[in-house]
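Peer 1: I'd like to ask some things about the structure below.
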């Protein structure tokens, strides 16, 4: 079983996984994505994954058989294990607990060659719906404090299989970055009596030059202090701390805004590697209503150098206003 | 001039640099390191860099001519500019200041083909001495709050020239990660009345299985909660918050411990890309004596995926105890 170890200076928890290589060379190079050959996520190969946890299916089809639109399974090589207890303890001066958690995979479409920006709109809605359902279900497990949904698109963004998929990891501690965001939003609220994300939405709608996509319910923009070239945030216009509270009636607006943002990116930069991450409030702990859920999309265009690692202080060579200009002009949008 | 922009949620400052590309494709791929051809850092090409700020030189040689052992020049494409004032101001709801700072390059050796682990020991000492001298000098500029020294080794660690070099960036704000470390060390001190780094040194010396190198004055080890495979920290055994207070008499011990650690890494993993970063206290602000300076060495073996970006919560597939076993056995060290 993997371990969770706490950095004694920063309080950051690290998963030390028990997956092991035998030789130093096993750690050196990322394996290239297999382009052809057998794919365990394609229809017909359902028995090559762990059993189905949930799925959106055509009527009258059986679990673990073809006929699904979106399929959720456990990760075959999970970073955290679902069985067991945390057994929080000391090791010398350090703090440690068992690597308990959930690690699931969303197989986003039966079609091996799609990506988010080219999914059928209905399929994208089914995926958003499934994200919400898995969050709601896992919140029932009181060992978990956070449910993280993310997507690694492309090998240099960390993907190890080409078939379109995203992932969920439920963790027994609140990740450090999330705690910082919660604290930041609370401090802003204490000072201004307003939500910082709501203020950002107003500012971006006024300024317009960083806006990528907007509909009745959602807006996406390149954040003012973008860490990375072409970074995008997608934010609900109505204040809501919790992704899992997403209304059925908002799902199609979310899918539309999300897909349009990624279409702009894929068109302008020819399907670059990227990550996206849903940022939402922790579960099974006091709810913080000053937070505002959102999705951060991070294209992986530049190497992160020592300066960034050492400081959390990023150098971004593309001002967000210029990034949006490029996105718009590549997409024939003369807004 | 570049800008410093503050993330309104996290308080993190980002450098938005004014270096611009013209087309989207300019942002997509890192350029490969030139292997051959002209090198502006090689002896004889001193006029191809900005003028020398400082150097360790053979006697009777002139600035900006050959005869140097370590040479410091301004970065030709600086992320921050030395001239001007900060002009802190609002932009809409956001905070911004001018990109004022220093950005210098340490050309570590005249020999294009060396790396830290293969430098002559005397050359390594000259480099450590020069790191200290530049810190002491730049502290006199009251606009600066932090002086960061780091090295990007190898293209995937962010190096853009092959000739051995490291860099210094002086910033007008204290980087977020450093503030967090200062706070973490202070909290630990408040609770235990001891330095967390001093405690770690004792624990690692007792446990031995994570120790990589140790001499009278310094120790290097794989930290208990390593974020990355083969991560190493090098720490002075005597409590000291400030790298710039390094005694002359400690320089050779530092150089020896540092080189041995990197030799182990280069031997075991065949000269992998890595970053190292000197972590020390801020300047021109109240000094925090509960901090303990150290150097973090981060091999760049794995891709950082969405999970890590979203959370600051890392998955490390190589337990530090196993990493040290591999380092030792590759170096014939049966400790």
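Protein chains in written order, with this note's numbering: chain L, 12 to 346; chain Z, 12 to 346.
Every residue, glycine too, gets a C-beta built ideally from N, C-alpha and C.
#1: Does chain L have any CB closer than 9 Å to the CB of residue 330 of chain Z?
#2: Touching or not, the stretch 105-116 of chain Z and the stretch 178-192 of chain Z, by the rule of three or more beta carbon pairs under 8 Å?
#3: Please list the partners that residue 56 of chain Z has in chain L, where partner means a Cβ-to-Cβ separation under 9 Å.
#4: Thinking C-alpha only, which one of Z:79, Z:286, Z:28, Z:68 is nearest residue 53 of chain Z?
#5: Whole angstroms are fine: how far does the CA of residue 284 of chain Z sit from the CA of residue 310 of chain Z?
#6: Pop quiz: residue 245 of chain Z and residue 143 of chain Z are said to be a contact at Cβ under 8 Å. What is the actual Cβ separation, rounded to whole angstroms?
#7: Using the Cβ count rule (16 or more neighbours within 10 Å means buried), how would you classify residue 135 of chain Z?
#8: Does the stretch 51-65 of chain Z come into contact with the stretch 78-97 of chain Z, if we say contact requires no fewer than three beta-carbon pairs (one atom in each stretch) closer than 8 Å?
#9: With 9 Å as the limit, tell me which residues of the stretch 16-29 of chain Z have their beta carbon closer than that to any beta carbon of chain L; keep them in chain order.
#10: In whole angstroms, give me the CA-to-CA distance for residue 216 of chain Z and residue 146 of chain Z.
#11: Check each residue of the stretch 159-184 of chain Z: if its Cβ is closer than 7 Å to any Cβ of chain L, include it; give the result in chain order.
#12: Consider the Cβ of residue 207 of chain Z: report whether some Cβ of chain L lies at a distance smaller than 9 Å.
#13: Can you check whether the CB of residue 177 of chain Z is closer than 9 Å to the CB of residue 276 of chain Z?
#14: Quick one: does residue 139 of chain Z have its CB under 9 Å from some CB of chain L?
#15: For residue 189 of chain L and chain Z, any beta-carbon pair shorter than 9 Å?
#16: According to the Cβ coordinates, are residue 331 of chain L and residue 26 of chain Z closer than 9 Å?
#17: So which residues on chain L does residue 314 of chain Z lean against when the C-beta distance must stay under 8 Å?
#18: How long is the line joining the alpha carbons of residue 293 of chain L and residue 196 of chain Z, rounded to whole angstroms?
#19: Using C-beta distances below 6 Å, list every residue in its chain close to residue 279 of chain Z, excluding the 5 sequence neighbours before and after it, in chain order.
#20: Residues in its own chain within less than 8 Å of residue 240 of chain Z by CB, not counting five upstream and five downstream?
#21: Quick one: does residue 230 of chain Z have its CB under 9 Å from some CB of chain L?
#22: Go ahead and pull the three-state DSSP assignment for residue 161 of chain L.
#23: Are the CB atoms of residue 238 of chain Z and residue 325 of chain Z nearer to each other than 9 Å?
#24: Expressed to the nearest angstrom, what Euclidean distance is found between the alpha-carbon atoms of residue 209 of chain Z and residue 219 of chain Z?
#25: Are the CB atoms of residue 221 of chain Z and residue 3 of chain Z within a distance shorter than 9 Å?
#26: Out of curiosity, what's the CA-to-CA distance linking residue 100 of chain Z and residue 14 of chain Z?
#27: Hey, quick one: how far does the beta strand (DSSP E) through residue 280 of chain Z stretch, first residue to last?
#28: What are the residues in the stretch 78-108 of chain L lying within 7 Å of chain Z by C-beta distance?
#29: With a 10 Å radius around its C-beta and 16 neighbouring C-beta atoms as the bar for buried, classify residue 270 of chain L as buried or exposed.
#30: Note down, in chain order, every chain Z residue with its Cβ under 7 Å from the Cβ of residue 223 of chain L.
#31: Can the beta-carbon of residue 149 of chain L be found closer than 9 Å to that of residue 158 of chain L?
#32: Using the Cβ count rule (16 or more neighbours within 10 Å means buried), how would you classify residue 203 of chain L?
#33: Using 10 angstroms around the beta-carbon of residue 253 of chain L, count the other beta-carbons present and answer buried if the total reaches 16, otherwise exposed.
#34: Are the beta-carbon atoms belonging to residue 104 of chain L and residue 19 of chain L less than 9 Å from one another?
#35: If we define contact as Cβ-Cβ less than 9 Å, is residue 252 of chain L a contact residue for chain Z?
#36: Could you tell me which uninterrupted beta strand (DSSP E) segments, each at least 3 residues in length, are contained entirely in the stretch 158-239 of chain L, listed from first to last along the chain?
Peer 2: By the coordinates alone:
#1: Cβ-Cβ to chain L under 9 Å: yes for residue 330 of chain Z.
#2: Because the criterion of three Cβ pairs below 8 Å is met, the stretch 105-116 of chain Z and the stretch 178-192 of chain Z touch.
#3: Chain L residues near residue 56 of chain Z: none, gap ~24 Å exceeds 9 Å.
#4: Z:79
#5: 6 Å
#6: Contact flag wrong, Cβ pair sits at about 15 Å.
#7: Here residue 135 of chain Z is buried: its Cβ has 16 or more other Cβ atoms, across all protein chains shown, within 10 Å.
#8: yes
#9: 16, 17, 18, 19, 20, 21, 22, 23, 24, 25, 26, 27, 28, 29
#10: 30 Å
#11: 159, 161, 162, 163, 167, 168, 169, 180, 182
#12: By the rule that beta-carbons nearer than 9 Å mark a contact, residue 207 of chain Z touches chain L.
#13: No, Cβ-Cβ distance for residue 276 of chain Z and residue 177 of chain Z is not below 9 Å.
#14: no
#15: Closer than 9 Å: yes.
#16: Between residue 331 of chain L and residue 26 of chain Z, the C-beta spacing is not below 9 Å.
#17: Correct list: 41, 166, 167, 168, 169.
#18: 26 Å
#19: 337, 338, 341
#20: 310, 312, 313, 327, 328, 329, 334
#21: No, because no Cβ of chain L sits closer than 9 Å to the Cβ of residue 230 of chain Z.
#22: Assignment of residue 161 of chain L by DSSP, reduced to helix, strand and coil, places it in the strand class.
#23: yes
#24: The C-alpha of residue 209 of chain Z lies about 15 Å from the C-alpha of residue 219 of chain Z.
#25: Absent from the structure is residue 3 of chain Z, since the part of chain Z shown begins at 12 and ends at 346.
#26: The straight-line gap from Cα to Cα measures roughly 11 Å.
#27: From DSSP, residue 280 of chain Z is part of no beta strand (DSSP E) but of the alpha helix (DSSP H) over 262-280.
#28: Listed by position along the chain: 90, 103, 104, 105.
#29: buried
#30: Under the 7 Å cutoff, chain Z gives no residues; its nearest Cβ is about 14 Å from residue 223 of chain L.
#31: Yes. Within cutoff.
#32: exposed
#33: buried
#34: yes
#35: no
#36: 176-182, 222-225, 229-232
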